[in-house]
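Single-structure report; data block below.
Residue numbers (this note's numbering): 363 to 418.
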């Protein structure tokens with residue numbers, strides 16, 4: 363598989379896991395999203411940079 367497709371699958375899996383956690387714990391859902399979304403976004407940005415450097 364190409365590195366970009368593996369990277370995108372991992373990001374989608376992280377978002378699905380975040381959604382499952384939020385539905386599993388409805389009382390803590392806002393806190394889960396408040397903390398989880400920035401972590402996923404920063405991780406996706408760093409991962410994209412890593413994949414970009416690896417392809418050079």
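For every residue, glycine included, the Cβ atom is placed at its ideal position computed from N, Cα and C.
> Looking only at C-alpha atoms, which of 399, 385, 412 sits nearest to residue 374?
Replying inline: Ranking 399, 385, 412 by Cα distance to residue 374 puts 399 first.
> Taking C-beta to C-beta, are residue 383 and residue 402 nearer than 9 Å?
Replying inline: If you check the CB distance, residue 383 and residue 402 do not come in under 9 Å.
> Roughly how many whole angstroms lie between the Cα atoms of residue 412 and residue 365?
Replying inline: One C-alpha to the other measures close to 10 Å.
> Distance, Cα to Cα, residue 385 vs residue 397?
Replying inline: Looking at the two C-alpha atoms, the distance is approximately 15 Å.
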